[in-house]
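Following: one structure in structure tokens, then a few remarks.
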Amino acid sequence: MNVPLPVKGDVIELGGFYYFLNFTFGDQLYESVDTYLKNNGDNDWFNRIRAIHAEKGLALYDDANDPRFLLKEGLFPGSSIKAAFPGLSEHKDLWRNQAAELKDVMNNWSHGSIRPTHDLFLDYAIPLFDMAMICSLPIAHDLQRIIQRVRDFKAGKTFDEPAPQPLPTAAQEYAEKIADKVEEEIQRPPVGAAWVGEVPARLVTLKRQTLDITEAGKSIRQEFGDPDAASRKISILMKYFPIGGQLRIAPDGAIMGYVKGDKVLVGWVGDEPNIDKQEARGFFVNHKYEYTGSDVIDIETGELLSTLAEDSVANLVNGLKVWGLPEGSRINVSIYGDVVFTDPDTDIERKITLVHKGIWFPGHLPG
Amino acid sequence: MLIALGKCTIEIDDQTIPFVGKPMDNSAGNEGDQEGSVTMFRVRTSDELDIQYGIVSWPEANREVTLIEWHSGDTKYDSLKKGTGRLALSSAGANEVFQLRAMKYNTTSKKANLANVTIEDLNLWAQTDLVELLKGHGALRVGTKEELTGEDNKTKGILSALVPSGNVEAVAIAFTVTRILAIMYDYGLDIN
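This is the structure we're talking about:
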């Protein structure tokens with residue numbers, strides 16, 4: 001049976017397809033592993049492997065068909081069930097390289113951290129297709145059709161087809177979660193993104209000479225928090241308006257300014273609402289980073305943060321060290337500037353700190 | 368007439384009215400007030416600047432573009448409020464020529480003044496091929512002053528436009544891009 005093809009290619013539909021494909025891939029890989037092991041009399045393999053994972057302090061998955069669990073097990077050189085993984089004995093290095101890459105991408109998707117754009121969907125679906133081929137799973141055939149369809153969307157083609165049969169409930173729930181996240185971003189965009197809604201009535205002036213913000217001639221600096229917080233916030237605003245200028249403040253404290261003629265959310269008077277110390281907000285920006293122990297590298301370009309950031313990143317890098325981030329860790333950054341580390345053992349996503357555009361790679365964060 | 372130009376609009380008055388003042392062109396004999404005529408145009412930008420300029424013709428002096436009234440706008444446009452950035456045309460046979468220099472913030476003097484500019488910057492601010500747009504509104508050519516008039520003096524290399532005498536639309540567009548949009552796009556400031 002062919003799986004349905006997406007017909008719209010929007011964020012919500014692709015989110016649902018991610019979930020559906022991931023689930024189907026996991027199911028098929030599980031079937032293959034389970035059949036092999038049961039044929040060899042190993043009926044309780046899942047509980048046994050799970051207990052080993054628990055001993056090692058690794059993430060514990062409730063479902064044997066969660067592809068992340070299966071790939072993680074296949075990645076262990078000492079796995080007691082490695083013979084059960086299709087393709088592993090024939091393509092040892094290739095299998096492990098593909099599985100390692102795929103597991104990271106799956107993790108980010110499963111945490112809802114990836115905005116399902118055409119490009120990012122392909123960045124997931126293509127390694128998944130490669131892995132399905134290596135493992136000879138039937139889903140490879142469906143993936144080929146779906147990848148082609150998404151490439152067509154990307155090229156601007158539209159499809160006047162009836163909506164496909166609804167995806168399973170869990171996939172739809174995932175898609176709705178993604179839709180909520182998109183909506184949240186529209187309502188409360190990150191600093192540096194386009195302003196949504198009316199221009200606020202409250203008009204204030206950012207003063208270059210006194211590094212102050214005044215309203216009708218009087219300083220409103222105290223509204224920006226303690227003196228240090230106020231200085232920090234004003235210096236960030238000065239990046240947008242180096243000669244000062246006029247700003248508008250909304251009742252909830254969001255600050256709007258005109259940047260090259262466009263309305264932009266340039267900051268917050270008080271604390272930005274909905275900030276959770278533990279949980280990252282928003283989708284990841286489309287760049288991959290690695291922490292070197294003394295700097296951050298953009299993995300694709302090889303560029304170092306310390307040489308590109310506008311301001312000193314000494315505090316940031318030191319903060320990563322103090323936090324205990326292991327050298328060589330992959331990190332992600334959300335469009336709100338949350339720096340996120342996903343522990344490769346536990347698969348838990350953790351927010352480390354918050355960065356603004358002055359201390360990050362130019363052009364990677366909004367604004 | 369209403370012209371949409373990048374992130375602003377230019378509304379040009381249909382009529383020309385009398386205008387008394389002192390010409391910018393103060394060559395011999397032009398020292399005192401003259402009675403000329405003005406065609407006004409009003410520029411409104413996406414960042415809420417609302418300002419009115421006039422293209423003034425004088426009986427005994429070259430045409431010019433001058434500030435008529437500042438209606439409202441952010442402090443970033445303050446230099447325009449003070450009247451900085453007036454534009455002078457000069458006659459070139461049956462035509463007129465004027466320089467395309469743009470308001471640029473000088474980080475040392477902390478002031479915006481007219482400075483040389485590339486056509487690429489002008490296109491970016493106008494969000495279109497400015498030369499084509501100017502031609503569509505009557506301009507004859509854009510090039511260095513030397514290319515347009517054969518002049519060989521210290522301003523010969525400056526990017527300039529040639530229009531038929533009395534042209535209003537191309538002058539208003541060029542003025543708006545080089546003065547107002549240049550400031551909107553923070554010309555001279557390094558903002559990521």
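Top to bottom, those sequences are chains U and B.
According to the working numbering, the first sequence is numbered sequentially starting from 1.
According to the working numbering, the second sequence is numbered sequentially starting from 368.
Ideal placement from N, C-alpha and C gives every residue a C-beta, glycine not left out.
- [ ] State buried or exposed for residue 368 of chain B, treating a residue as buried only when at least 16 other CB atoms are found within 10 Å of its CB.
- [x] That one is exposed.
Open item on the list: To be precise: take each residue of the stretch 403-421 of chain B, compare its Cβ to all Cβ atoms of chain U, and keep it if any distance is under 8 angstroms. Which residues remain?
Closed with: Those residues of the stretch 403-421 of chain B that come within reach of chain U (Cβ to Cβ, closer than 8 angstroms) are 412, 413, 414 and 415.
Task: Closest by C-alpha distance to residue 130 of chain U, when choosing among U/75, U/306 and U/25 - done: Of U/75, U/306 and U/25, the smallest CA-CA separation from residue 130 of chain U is found for U/25.
- [ ] Pull up the distance between the alpha-carbon of residue 443 of chain B and that of residue 204 of chain U, whole angstroms please.
- [x] When the Cα atoms are used, residue 443 of chain B and residue 204 of chain U turn out to be separated by approximately 13 angstroms.
Task: Residue range of the unbroken alpha helix (DSSP H) whose run includes residue 241 of chain U - done: It is not in any alpha helix (DSSP H) - residue 241 of chain U carries neither H nor E in the DSSP assignment.
TODO: Please list the residues of the stretch 29-52 of chain U that have a C-beta atom closer than 7 angstroms to any C-beta atom in chain B, keeping them in chain order.
DONE: For the stretch 29-52 of chain U, which is checked against every Cβ of chain B, not one residue is closer than 7 angstroms.
Open item on the list: Which residue marks the beginning of the alpha helix (DSSP H) containing residue 500 of chain B, and which one marks its end?
Closed with: That run of the alpha helix (DSSP H) goes 497-503.
TODO: For residue 122 of chain U, collect the residues of the same chain with a Cβ closer than 8 angstroms to its Cβ; drop the 5 residues on either side in sequence, then sort them by chain order.
DONE: Excluding sequence neighbours, residue 122 of chain U sits near 147, 150, 151 and 154.
Open item on the list: Considering just the uninterrupted stretch of the beta strand (DSSP E) at residue 258 of chain U, what are its terminal residues?
Closed with: Where residue 258 of chain U is concerned, the enclosing beta strand (DSSP E) stretches over 254-259.
Open item on the list: Please report the straight-line C-alpha distance between residue 463 of chain B and residue 533 of chain B, rounded to a whole angstrom.
Closed with: Within the model, the alpha-carbon separation for residue 463 of chain B versus residue 533 of chain B is close to 8 angstroms.
TODO: Identify whether residue 552 of chain B lies in helix, strand or coil by the three-state DSSP scheme.
DONE: Looking at residue 552 of chain B - three-state DSSP - the assignment turns out to be coil, as it is neither helix nor strand.
Task: Chain-ordered residues of the stretch 441-453 of chain B with a beta carbon less than 8 angstroms from chain U - done: Only 441, 442 and 443 from the stretch 441-453 of chain B bring a Cβ to less than 8 angstroms from some Cβ of chain U.
Task: As assigned by DSSP and simplified to three states, the class of residue 474 of chain B - done: Coil, per DSSP.
Open item on the list: Does the CB of residue 374 of chain B have a neighbour CB from chain U at under 8 angstroms?
Closed with: It does: the Cβ of residue 374 of chain B has a partner Cβ on chain U nearer than 8 angstroms.
Task: Beta carbon of residue 530 of chain B nearer than 8 angstroms to that of residue 538 of chain B - done: In contact: residue 530 of chain B and residue 538 of chain B (Cβ atoms closer than 8 angstroms).
- [ ] Look at the Cβ atom of residue 120 of chain U, then the Cβ atom of residue 126 of chain U, and state whether they are nearer than 8 angstroms.
- [x] Residue 126 of chain U sits away from residue 120 of chain U, with the two beta carbons spaced by 8 angstroms or more.
Open item on the list: Between the alpha carbons of residue 505 of chain B and residue 244 of chain U, how many angstroms are there, rounded?
Closed with: Rounded to the nearest whole angstrom, the C-alpha separation of residue 505 of chain B and residue 244 of chain U is 38 angstroms.
- [ ] Evaluate the contact criterion for the stretch 229-248 of chain U versus the stretch 62-81 of chain U: three or more CB pairs, one atom per stretch, below 8 angstroms.
- [x] Flag = no, the stretch 229-248 of chain U and the stretch 62-81 of chain U do not touch.
Open item on the list: With a threshold of 7 angstroms on Cβ separation, who are the neighbours of residue 490 of chain B within its own chain once the five nearest residues in sequence on each side are excluded?
Closed with: Here residue 490 of chain B has 496 and 497 as same chain residues with Cβ atoms under 7 angstroms from its own Cβ, once five neighbours each way along the sequence are excluded.
Open item on the list: Please report whether the beta-carbon of residue 551 of chain B lies at a distance below 8 angstroms from any beta-carbon of chain U.
Closed with: Answer yes: the Cβ-Cβ gap between residue 551 of chain B and chain U drops below 8 angstroms somewhere.
- [ ] Check residue 420 of chain B in the structure and name its three-state DSSP category.
- [x] Reduced to three states, the DSSP call for residue 420 of chain B is strand.
TODO: Rank U/236, U/332, U/166 and U/209 by C-alpha distance to the C-alpha of residue 351 of chain U and give the top, closest one.
DONE: Answer by Cα proximity: U/332.
TODO: Could you pull out every residue in the same chain whose Cβ sits closer than 6 angstroms to the Cβ of residue 296 of chain U, ignoring the five residues on either side in sequence?
DONE: Here the set comprises 289 and 305.
Task: Inter-residue CB distance, residue 419 of chain B and residue 438 of chain B (contact presumed, cutoff 8 angstroms) - done: Taking a contact as a CB-CB distance under 8 angstroms, the pair residue 419 of chain B and residue 438 of chain B counts as one, their CB atoms being some 7 angstroms apart.
TODO: Identify, in the order they occur along the chain, each residue of the same chain with its Cβ nearer than 7 angstroms to the Cβ of residue 262 of chain U, setting aside the five sequence neighbours on each side.
DONE: The answer, listed in chain order, is 194.
- [ ] Determine the DSSP secondary structure at residue 401 of chain B, reduced to helix, strand or coil.
- [x] Looking at residue 401 of chain B - three-state DSSP - the assignment turns out to be strand.
Task: Where the beta strand (DSSP E) containing residue 381 of chain B begins and where it ends - done: Counting along the chain, the beta strand (DSSP E) containing residue 381 of chain B begins and ends at 375-388.
- [ ] Leaving out five residues on either side along the sequence, give the residues of the same chain with a beta carbon under 8 angstroms from the beta carbon of residue 387 of chain B.
- [x] Cβ neighbours of residue 387 of chain B beyond the five flanking positions: 400, 401, 402 and 403.
- [ ] Evaluate residue 39 of chain U with the Cβ neighbour count: other Cβ atoms within 10 Å of its Cβ, from every protein chain shown; 16 or more gives buried, anything less gives exposed.
- [x] With fewer than 16 Cβ atoms within 10 Å of its Cβ, residue 39 of chain U is classed as exposed.
Task: Completely contained beta strand (DSSP E) runs for the stretch 422-456 of chain B, where each covers 3 or more residues - done: If only uninterrupted beta strand (DSSP E) runs of at least 3 residues are considered, those enclosed by the stretch 422-456 of chain B are 431-439.
Task: Candidates B/431, B/408, B/371 and B/480, of which the one nearest residue 392 of chain B by Cα - done: Nearest of B/431, B/408, B/371 and B/480 to residue 392 of chain B, Cα basis: B/431.
Task: DSSP-derived helix/strand/coil call for residue 231 of chain U - done: Residue state, collapsed to three classes: helix.
Open item on the list: Check whether chain B comes within 8 angstroms of residue 210 of chain U, counting only Cβ atoms and requiring the distance to be less than that.
Closed with: Residue contact with chain B for residue 210 of chain U: absent (no Cβ-Cβ distance below 8 angstroms to any residue of chain B).
Task: Beta carbon of residue 368 of chain U nearer than 8 angstroms to that of residue 229 of chain U - done: In the structure as shown, chain U starts at 1 and stops at 367, and residue 368 of chain U therefore has no counterpart that could be examined.
Task: Segments assigned alpha helix (DSSP H), at least 4 residues, entirely inside the stretch 155-230 of chain U - done: Given a length threshold of 4 residues, each whole run of the alpha helix (DSSP H) inside the stretch 155-230 of chain U is given here in chain order: 169-187.
Open item on the list: So for residue 263 of chain U, helix, strand or coil by DSSP?
Closed with: Assigned with DSSP and collapsed to three states, residue 263 of chain U falls in strand.
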